[in-house]
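Notes follow the structure.
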Amino acid sequence: MLDFNFIKVKMKFKKSWTKARSSFLIVLAVFSIGSSVLGKDIFVSPSGNDGSNGSFQHPLGSMEGARNLIRKWKAEGPLKESVQVIFLEGDYYLDQPVIFNEEDSGTSEFPIIYKGEEQKEVNFYGGKLITGWEETAEGLWKTRLLTKAWKFEQLYINGNRAVRARTPNLGKYLQVEGVNETILSGENDRVASFAVQEIGLDKKDFLQLGLSKDTGWEDILVVFYHKWDNTRKFLQAIDPEKGSFFISGQGMKPWNPINKDSRFYLENFRSALDEPGEWYLENDGTLYYMPLPGQNLAEARIFAPFIEQFLRLQGADPHNKIQDLKFINLNFKYSGYTTPKRGNEPAQAAAPIPSVITVDQANRITFENCEVAHTGTGAFWFRNAVENSEIQRCYLHDLGAGGVKIGPLSSGDPENPASWVSRNNLIHNNIIRSGGWVFPCAVGAMIFHASDNEISNNEIADFRYTGISVGWVWGYTPSFAKRNKVKYNHIHHLGWGDLSDMGGVYTLGLSEGTEVSHNIIHHIYSMTYGGWGLYTDEGSTGILMENNLVYACKNAGFHQHYGKNNRIRNNIFAYNQLSQLQATRVEDHISFYFTNNIILFNEGALLSSNWAKINLVTDRNIYWDERGKDIDFSNLSFPEWKTMGNDLNSKIIDPGFISPLQYDFTFKNKSAIRKINFEPFSLDEVGVYGDKEWVELAQFDPVRASLFDEIIRKNEEIQK
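Using this note's numbering, the first residue of the sequence shown is number 451, and each one after it goes up by one.
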C-alpha cells in the first residue's frame, strides 16, 4: 500500500534574484516621503479626501481619486516623469471595481506605479463588516442586515471562509440514483438548448434532506460533482413521493452527464444549519451563524462580500492598449460570487468564471508582492491580447475558483492573432493555494489561447482539480498555445478525492515548443479515474517533459490520452499507486518518445491501459519494482517485451536513491543511471524563493496534509 504521508519537499533559498526582482528592490529602496527620485508622488490615505491635492500632508482618499488626478495631469501634457501613487497604511473599502483604460497608461520610460507603503498593510476590501451580533436561545448568533436587498453567498470570519448551510455537511455527499432528462428545445443539437432533469435519490437520502412541498426550496442550490466538472443549479421542483427533485437549463453534455456515478450536496436552506461553522441568510435580512467551539462573534471580524471584482484594466483595442502600470505591495480581500438564477452549467476548469482582477488589451502590466484572498471567483485573468505582463511574488489563497488564467476562451481571427492571443507573460514565484471553494473544478494556473508564456517557481497546492493546465483546443485542430514554459513549480495535494480526470500538469492540443520541466509533482488523488502527475490529453503535440519528479499519484505518474511526437525524457516517476505509466488511444503516428526515465514502484502495475499497443519509442529507461525483479510488461516478461522492439537498452536495476521511501531522491552513487545516460537534475531551485518569511509561508500546513491522507484512507476502505 502506498504511504501518502505528508512530505515536506526540501527547497533551498536561491542565491541570486532575477533581474526583474532586483529592479523591484531598487524601486523600493528609493522610496521616501515627499519628492521621489522616480518622479511625482501622490499619497492616498484611508482618512484622506479625493478633493485634496494628493500631497503627503493632504492625501487623497481612494485609488479612483489618484487615477483621476493622473488623468488631469496627463490632459495638461504627456508625462515627463514616472508617477508613484503611494497608499498609506490602512483599509480601503470598495463599493465597485476600480476601472482603468488606455488613458490611464504610463510609458515604458515613465510607468505609473500604484504601491503600498513599505513594510505596512494596505488592504482593499470588497466586503463590509457585519456587526450587531447577539446570541439566541438555540445557541446560534444572529444579526439583522441594514437592507434585505443585500444578498451574498460567502461569509468570512476572522479571515476564514465559513460554510454556507448545507446537507450533507462539509466533506460529505449524497449519491445520484438516476436521472431522467426531458429535452424541450434543441433536441438535434450537440447539447440541447433547454431541458429539464429529474434527479432520483435513494428514499432514505431524500428524507435526510428534510424537504417537503411546503419548504421554501426555490433558493436551494444543488452542486453536482461528475467526472471533471461541476453543475450548480437551483431546485425547480420536488417530488417527495418519488424521492426526486428537478433542475433545468441546458441539456446534459453527452460526454459528461450527471448519472449514477455523480455526487451532490444542497445548500442554502434553514434546516441545513446544523453544524458549527455554518451560516444562513434569511430573505428578510436576518443572518444566522452556528459558532465553532469557543468562538465569540462579539469579538470577531466578519466580512460579507459586496462586490465581485476589484480591478478591471481594459484597453480599447490592439492599437490602443493600456500599458505600463505597476501594482505593488497591495492586498485585495473579501469579494463574492452570486449564482445567477439559471445556475452554472458544467465547464471544464471553471473556464468562464471571472476573476477579481481582469486585464484585457494590455502591455507591460505588473502585479508584484500583492495578496488576493477570500474571493468568490478566481484571482487574476490576463485575458484578451495581454502581453509582456507579469505576476510575481503574489500570495493567492482561499479562492472561490482558480489562481491565474492567461488568454481568451474563444479564438479570434487566425490571420490577426495579435488582436486576441495573449503572449510573453510571466507568472513567477507566487504562492497559489487553497482554491476551488465555490467552483471545485477550477485550476491553479491556466493557459488558454496564449503563447510564449512562462509559469515558473510557483507553489501550487490544495485545489480539487488540476494544478497547471496548458492549451484550449481538443484534438489536432489549429492552436495558438505554442512555446509555453512550465518550469520549477512545486505542485501537490490536488484532487482530494472530489473530481476525476485531472493532472498535476495537464495539456491539450497542438503545442509545439511547449516545455514542462524541473517540476516536483506529488499527492494527486482523484475520485475515480485520472489522478495523474503529467497528463497529455486530447491532441497534445510537440511537448517536451523532462527533469520532473513525480510521485504519490493515484492512477499513474504519466498518462497520454492521445497526441503526437511528445518527448518524455529524464524524469523520475516513483511510488504511484494503481500504475506507473499509462496510455490510452492507439494511433498510427508516433504518440510519444519515452526515454532516459527512472520508474520506481512497490505497488500496482508498471503499465496500464494500452501502453503495450501504442505506437511509441521507449528506450534507455530504468525500471525497478521493490517487490522483486520480475516485472510484468503488460503480461510480457522483460525479454518478451524487448522482442517487440521496446526498451532494448533499458535496465531492470535499483536506481540507487539514498532514501526514496522518505521521498529523498538523492543518488547514493551514479553507477546505475550511467547505464541509461540519465542526467541528474537539481531540485534545489524548485518552488518559491526569497526571504525566509516568504519561503516559510509556502510550506504546506501539516494539518491539511494529514486531512488529505485521511481522505485517501477512507476512500480506499470504501473501494475495498
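Where is the CB? At the ideal position from N, CA and C, for every residue including glycine.
Being a predicted model, the structure only gives us computed values, none of them experimental.
| Asked | Found |
| --- | --- |
| Endpoints, the alpha helix (DSSP H) within which R843 is located | That residue, R843, is in no alpha helix (DSSP H); it is neither H nor E in DSSP. |
| Check whether G765 and E552 have beta carbons under 8 Å apart | yes |
| Nearest-angstrom Cα separation, counted from I941 out to G917 | 6 Å |
| Three-way DSSP call (helix, strand, coil) for M952 in this model | strand |
| Delimiting residues of the beta strand (DSSP E) encompassing D912 | 909–913 |
| As assigned by DSSP and simplified to three states, the class of N781 | strand |
| Residue range of the alpha helix (DSSP H) that includes I757 | Element bounds for I757: n/a, residue is neither H nor E. |
| V405, enclosing alpha helix (DSSP H) - first and last residue | A query on residue 405 cannot be resolved here, the shown segment of the chain reaching from 451 to 1170 and no further. |
| Assigned secondary structure, I1040 (DSSP; H/G/I helix, E/B strand, else coil) | coil |
| Where the beta strand (DSSP E) containing S1121 begins and where it ends | Not the beta strand (DSSP E): S1121 falls in the alpha helix (DSSP H), residues 1121–1124. |
| Own chain partners of S884 with C-beta closer than 6 Å, once the 5 adjacent residues on each side are dropped | H847, D848, D912 |
| K598 beta carbon less than 8 Å from that of A737 | The amino acid at residue 737 is misidentified as Ala; the sequence shows Leu. Going by C-beta atoms, L737 is not nearer than 8 Å to K598. |
| When L999, E637, S662 are compared against P690, the one with the closest alpha-carbon | S662 |
| Spatially closest choice to P707 from D734, D767, E631, by CA coordinates | E631 |
| Neighbourhood of L1057 by C-beta distance below 7 Å, restricted to the same chain and skipping five residues each side | S1029, L1031, F1083, S1084 |
| Euclidean distance between Cα positions of K570 and P755 | 24 Å |
| Cβ distance (whole Å) where F714 is taken to contact F674 below 8 Å | 5 Å |
| Start-to-end residues for the alpha helix (DSSP H) that takes in S1156 | 1152–1169 |
| With 16 other Cβ atoms within 10 Å as the buried cut-off, status of P704 | exposed |
| Residues bridged to F1117 [DSSP beta-bridge criterion] | F1107 |
| Assigned exposure category for D792 - 16 Cβ within 10 Å defines buried | As written in the sequence, residue 792 is Arg, which differs from the Asp given in the question. By the 10 Å Cβ count, R792 comes out exposed. |
| Boundaries of the beta strand (DSSP E) in which W982 is found, first to last residue | 981–986 |
| Endpoints, the alpha helix (DSSP H) within which Q546 is located | Counting along the chain, Q546 falls outside any alpha helix (DSSP H), and DSSP gives it neither H nor E. |
| Counted within 10 angstroms of its Cβ, other Cβ atoms place Q546 as buried (16 or more) or exposed | exposed |
| Three-way DSSP call (helix, strand, coil) for W591 in this model | strand |
| In DSSP terms, what E648 is bridged to | N630, F696 |
| Three CB pairs or more closer than 8 Å across the segment 634–648 and the segment 610–620 | no |
| Which of helix, strand or coil DSSP assigns to T681 | strand |
| C-beta contact flag for K937 and G963 at 8 Å | no |
| Collapsed DSSP secondary structure at W831 in the structure displayed | strand |
| Member of V1138, E1037, I993, E758 whose CA lies at the smallest distance from the CA of T789 | E758 |
| Option nearest Q647 by Cα separation, candidates V629, L659, L657 | V629 |
| Proximal residues to S485 (C-beta, below 8 Å), its chain only, five neighbours per side dropped | Below a pLDDT of 50, predicted positions are generally treated as unreliable, and S485, at 38, falls in that range; no measurement from the model is reported. |
| Terminal residues of the alpha helix (DSSP H) in which T1093 lies | 1088–1093 |
| Stretch pair the segment 772–779 + the segment 793–802: three plus CB contacts closer than 8 Å | no |
| Collapsed DSSP secondary structure at W1074 in the structure displayed | strand |
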